[in-house]
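A short worksheet on the structure shown next.
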Amino acid sequence: MALFSGLSEKLNHIFSKLTKHGRLTELEIKTAMREVRIALLEADVNISVVKDFVAKVSERAVGQEILKSLSPTQQVIKIVNEELIALMGSSNSKLNVAPNPPTVIMMSGLQGAGKTTLCAKLGMLLKKQGKKPLLVACDVYRPAAISQLKTVGEKAGCQVFETGQGNPVKIAKEGVAYAKSYGFDTVIIDTAGRLQIDETLMRELEEIKAAVNPAEILLVVDAMTGQVAVEVADTFNKRLEVTGLVLTKLDGDTRGGATLSIKAVTGKPVKFCSTGEKLGDLEPFYPDRMANRILGMGDVLTLIEKAQAAISEADAKKMEKKFRENSFTLDDYLTQFEAMKKMGGIKDVLSMLPGMGGKYKVREEDVDEKKLITMKAVIQSMTKRERDNPQIINSSRKNRIAKGSGTSVQEVNRVLKQFEQTKQMMKQMKNNKMFKFQ
Amino acid sequence: MGLFGKIKSVLKKTRDGIANKLTALFSKNKLGEEFYEELEDILVSSDVSVRTSVEIVEEIKEKAIKEKCRDKDYVIGLLKEELYDTLNYAEPLDMSTPLVIMVIGVNGVGKTTSIGKLAHKFVSEGKSVTIAAADTFRAAASEQLSVWAERAKVRIIKHSEGADASAVVFDAIVSAKSKKTDVLIIDTAGRLHVKTNLMEELKKMDRVVKREYPEANFVKLIVLDASTGQNASSQVEVFNEAVGVDGIILTKLDGTAKGGFIVSLSYETEIPVIFVGTGEKIDDIEDFDAKEYVEGLF
Chain A
1 MALFSGLSEK
11 LNHIFSKLTK
21 HGRLTELEIK
31 TAMREVRIAL
41 LEADVNISVV
51 KDFVAKVSER
61 AVGQEILKSL
71 SPTQQVIKIV
81 NEELIALMGS
91 SNSKLNVAPN
101 PPTVIMMSGL
111 QGAGKTTLCA
121 KLGMLLKKQG
131 KKPLLVACDV
141 YRPAAISQLK
151 TVGEKAGCQV
161 FETGQGNPVK
171 IAKEGVAYAK
181 SYGFDTVIID
191 TAGRLQIDET
201 LMRELEEIKA
211 AVNPAEILLV
221 VDAMTGQVAV
231 EVADTFNKRL
241 EVTGLVLTKL
251 DGDTRGGATL
261 SIKAVTGKPV
271 KFCSTGEKLG
281 DLEPFYPDRM
291 ANRILGMGDV
301 LTLIEKAQAA
311 ISEADAKKME
321 KKFRENSFTL
331 DDYLTQFEAM
341 KKMGGIKDVL
351 SMLPGMGGKY
361 KVREEDVDEK
371 KLITMKAVIQ
381 SMTKRERDNP
391 QIINSSRKNR
401 IAKGSGTSVQ
411 EVNRVLKQFE
421 QTKQMMKQMK
431 NNKMFKFQ
Chain B
1 MGLFGKIKSV
11 LKKTRDGIAN
21 KLTALFSKNK
31 LGEEFYEELE
41 DILVSSDVSV
51 RTSVEIVEEI
61 KEKAIKEKCR
71 DKDYVIGLLK
81 EELYDTLNYA
91 EPLDMSTPLV
101 IMVIGVNGVG
111 KTTSIGKLAH
121 KFVSEGKSVT
131 IAAADTFRAA
141 ASEQLSVWAE
151 RAKVRIIKHS
161 EGADASAVVF
171 DAIVSAKSKK
181 TDVLIIDTAG
191 RLHVKTNLME
201 ELKKMDRVVK
211 REYPEANFVK
221 LIVLDASTGQ
231 NASSQVEVFN
241 EAVGVDGIIL
251 TKLDGTAKGG
261 FIVSLSYETE
271 IPVIFVGTGE
281 KIDDIEDFDA
291 KEYVEGLF
């Protein structure tokens with residue numbers, strides 16, 4: 001979050017000096033792009049990729065009319081975000097399948113990228129989909145790599161084919177032959193990690209490829225990789241023509257700019273992300289989430305768009321005034337909830353707010369939409385005075401409200417408590433410049 | 001090949017490394033704005049953080065302008081000097097024996113391999129070494145470490161997979177004390193620094209060492225992968241907060257990645273780089289030398 005709020009603040013600062021409406025000028029864009037460039041570099045996007053990207057965004061941004069509903073900052077970020085998503089491509093977690101089984105999937109990547117663990121994770125995922133995968137241990141160099149694959153493979157419920165420290169090309173071939181005779185429909189080949197400049201080992205990968213003709217060659221990349229990601233991905237892709245990318249260790253706090261680098265240089269789809277230490281922690285790749293992560297924000301833009309659709313400008317102005325004056329009442333609370341409902345559910349909205357998702361854990365019970373009906377009944381059973389000044393609601397009033405709404409005193413208390421919490425959140429939103437619905 | 005030569009040759013492997021870029025850069029005549037911007041870019045390409053790159057280049061620029069300097073070699077000299085000063089700022093680490101080294105870091109950076117190399121290094125210096133296999137989490141981690149222990153011909157203390165890591169540490173300390181071992185190296189499970197429970201486990205191991213072996217010189221070395229980007233700072237920060245980090249082992253310097261984040265780290269912390277890993281063989285570990293590192297960059 002910190003970085004993005006940094007970027008958004010900086011952009012706000014730049015634009016605050018300029019006219020709020022009209023067209024974005026070249027100078028404004030140039031100043032803004034410097035900040036965008038820094039944000040991307042700090043996220044580990046490769047410098048040459050950043051340069052191309054910034055040039056593209058500038059070109060698109062110059063002369064654009066500022067939408068009434070967006071601030072110039074939001075506008076620039078919107079373009080940046082859209083371009084990021086475009087560059088990262090669409091979601092595609094489908095694996096290639098060979099016309100004649102078995103489908104061979106080959107792993108490749110640097111040391112420590114997480115290939116061995118990924119083999120087991122993928123094996124488990126495929127098993128869940130009803131496939132019968134065989135894991136083949138071709139990392140004969142790292143001590144105990146075979147034993148590691150056997151252990152994780154067993155945990156994933158997959159058989160592991162190994163012949164000890166033999167020749168990796170031969171092991172791969174034998175593994176595929178074994179799969180054919182024992183009815184495995186998928187073969188996942190683990191390979192040793194290697195530097196892209198290690199000629200001998202790179203040639204070995206080419207030989208394995210030639211020997212077993214994989215339907216899928218996955219390049220496994222640590223999401224924390226820095227500037228070198230471009231060179232690594234480029235070399236592996238040129239030597240092997242990889243068919244897809246897998247990002248690992250995304251459960252850390254890295255922004256994962258390497259994703260953009262490898263995507264830009266190879267043009268290949270990111271098929272999966274590995275997001276945890278458990279074998280089930282393998283997810284399809286969502287380009288939009290990744291774009292937000294690189295920029296370090298929640299799904300703000302979607303929220304802005306939805307808010308525009310659900311709340312009329314006049315309503316928003318009125319509401320903003322209320323936030324500012326802190327005169328937010330139970331009536332407004334109800335109106336807000338109705339509007340949020342139009343925006344696609346409260347949970348959706350809450351999870352899209354940057355800084356909210358983490359601070360206020362969105363609990364399932366807090367966002368039960370059915371409770372909204374109860375809440376509505378409770379609030380509507382209050383007098384106008386009570387709705388404007390909830391502090392006057394004493395126990396006898398609570399009893400009356402509970403009876404009137406067909407609920408209980410506890411229910412009334414709950415609504416009042418949530419209202420207070422919401423007021424607190426509103427205060428935060430008020431302080432967050434992103435949420436000025438202009 | 002000497003130490004100097006080795007690091008230099010390792011760093012030279014880059015096809016279009018900093019040296020080439022700089023040569024191209026410095027052959028231009030004017031030392032204008034563009035020139036300094038390109039200097040920044042070069043540092044950024046080595047994973048020096050944007051902020052540090054800008055600061056360093058600003059400093060160099062000011063100096064150069066003050067001295068009305070237009071000579072490229074002189075500016076290279078200034079830059080080298082600045083980088084060297086930055087990297088050499090921290091106090092050298094006390095490695096006196098009895099020494100306990102706890103090796104920490106995120107997954108896949110090369111902790112186990114580094115421990116094998118370190119053990120070999122201490123043995124070749126005539127010291128006795130015991131290794132504690134306290135990575136009880138990753139499948140086959142202790143087996144991997146056993147292979148290294150065998151290669152380095154040192155003793156290893158291990159439990160079964162899934163055992164309590166602190167118990168391994170405890171046993172290893174008892175053993176190291178009774179055998180009067182000079183150096184005890186503790187392997188720990190790789191953990192992403194954002195996992196609170198794993199960081200708690202690490203704190204527990206830290207407490208066990210302090211409580212059970214107070215007379216030892218206890219240092220914690222974090223292993224950082226040279227191909228990592230800006231996240232390296234975050235790793236150091238969080239591990240440092242949890243158990244304190246005394247030094248850095250920078251691994252995988254035999255690739256084309258430079259691990260420039262150590263420049264930023266030296267700017268922001270006083271944690272020195274102690275060792276560098278330069279290959280997959282058991283003797284591919286060197287003492288870090290700021291001068292050689294900087295020389296190797298150009």
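Protein sequence lines correspond, in order, to chains A and B. Residue 3 in my numbering is what sits at position 3 of the first sequence, and the numbering runs on without skipping anything. Residue 298 in my numbering is what sits at position 298 of the second sequence, and the numbering runs on without skipping anything. In this text, a Cβ means the ideal position worked out from N, Cα and C, and glycines have one as well. All figures in this text were calculated on a predicted structure; none of them were measured in a lab.
Can you tell me whether DSSP reads residue i as helix, strand or coil?
i, result
"A:Asp253", "coil"
"B:Thr14", "The predicted model places B:Thr14 with a pLDDT of 44, which falls under 50 and marks its position as unreliable, so this point remains unresolved."
"A:Thr259", "helix"
"A:Leu201", "helix"
"B:Asp102", "Correcting the residue type first, residue 102 of chain B is Met in the shown sequence and not Asp. Three-state DSSP puts B:Met102 in a strand."
"A:Gln75", "helix"
"A:Asn92", "coil"
"B:Arg191", "coil"
"A:Glu137", "The amino acid occupying residue 137 of chain A in the given sequence is Ala; Glu does not appear at that position. In this structure, A:Ala137 counts as strand in the three-state DSSP scheme."
"B:Ser227", "coil"
"A:Met224", "coil"
"A:Thr191", "strand"
"B:Val48", "coil"
"A:Thr329", "coil"
"B:Ile271", "coil"
"A:Gly123", "helix"
"B:Val109", "coil"
"A:Thr117", "helix"
"A:Arg397", "helix"
Measure the beta-carbon distance from residue i to residue j and round it to whole angstroms, keeping in mind my assumption that it falls under 8 Å.
i, j, result
"A:Leu125", "A:Leu245", "Actually they are not in contact, since the Cβ atoms of A:Leu125 and A:Leu245 sit about 16 Å apart, beyond 8 Å."
"A:Met290", "B:Gly229", "No, A:Met290 and B:Gly229 are not in contact; Cβ-Cβ is about 15 Å, not under 8 Å."
"B:Thr188", "B:Ile104", "5 Å"
"B:Lys220", "B:Val245", "6 Å"
"B:Val123", "B:Ala152", "6 Å"
"B:Thr256", "A:Ile197", "6 Å"
"B:Leu145", "B:Ile115", "7 Å"
"B:Arg138", "B:Gly190", "7 Å"
"B:Thr97", "B:Lys121", "With 8 Å as the limit, B:Thr97 and B:Lys121 do not qualify as a contact, their Cβ atoms being about 14 Å apart."
Using DSSP's beta-bridge definition, name the partner residues of residue i.
i, result
"A:Gly244", "A:Leu218"
"B:Gly277", "B:Ile285"
"B:Gly247", "B:Leu221"
"B:Ala133", "B:Lys158 and B:Asp187"
"A:Glu283", "A:Cys273"
"A:Ile105", "A:Ile188 and A:Glu216"
"A:Gln159", "A:Leu134"
Shorter than 8 Å from the beta carbon of residue i to some beta carbon of chain A?
i, result
"B:Thr228", "yes"
"B:Lys252", "yes"
"B:Leu93", "no"
"B:Asp41", "yes"
"B:Ser45", "yes"
"B:Asp187", "no"
"B:Ala133", "no"
"B:Asn240", "no"
"B:Leu78", "no"
Using a Cβ-Cβ distance cut-off of 8 Å, determine whether residue i contacts chain B.
i, result
"A:Thr225", "yes"
"A:Leu201", "no"
"A:Lys361", "In this predicted model, A:Lys361 has a pLDDT of only 44, less than 50, meaning its place in the structure is not dependable; the value taken from the coordinates is given anyway. Chain B contact via Cβ: absent."
"A:Glu42", "yes"
"A:Gly358", "The predicted model places A:Gly358 with a pLDDT of 39, which falls under 50 and marks its position as unreliable; any figure quoted below should be read in that light. Closer than 8 Å: no."
"A:Lys30", "no"
"A:Pro168", "no"
"A:Lys249", "yes"
"A:Pro143", "yes"
"A:Asp139", "no"
"A:Asp222", "yes"
"A:Ala258", "yes"
Can you pull the chain C neighbours of residue i, defined as C-beta to C-beta under 7 Å?
i, result
"A:Leu110", "Considering every chain present, this structure includes no chain C. Its protein chains are A and B."
I'd like to know if the segment 207–224 of chain A and the segment 271–283 of chain B are in contact, where contact means that at least 3 CB-CB pairs between them fall below 8 Å.
Contact between the segment 207–224 of chain A and the segment 271–283 of chain B is absent, because fewer than three Cβ pairs lie under 8 Å.
Kindly confirm or deny that the segment 105–125 of chain A and the segment 236–256 of chain A touch, where touching means at least three C-beta pairs closer than 8 Å.
yes
Do three or more CB pairs link the segment 56–68 of chain B to the segment 54–63 of chain A at distances below 8 Å?
no
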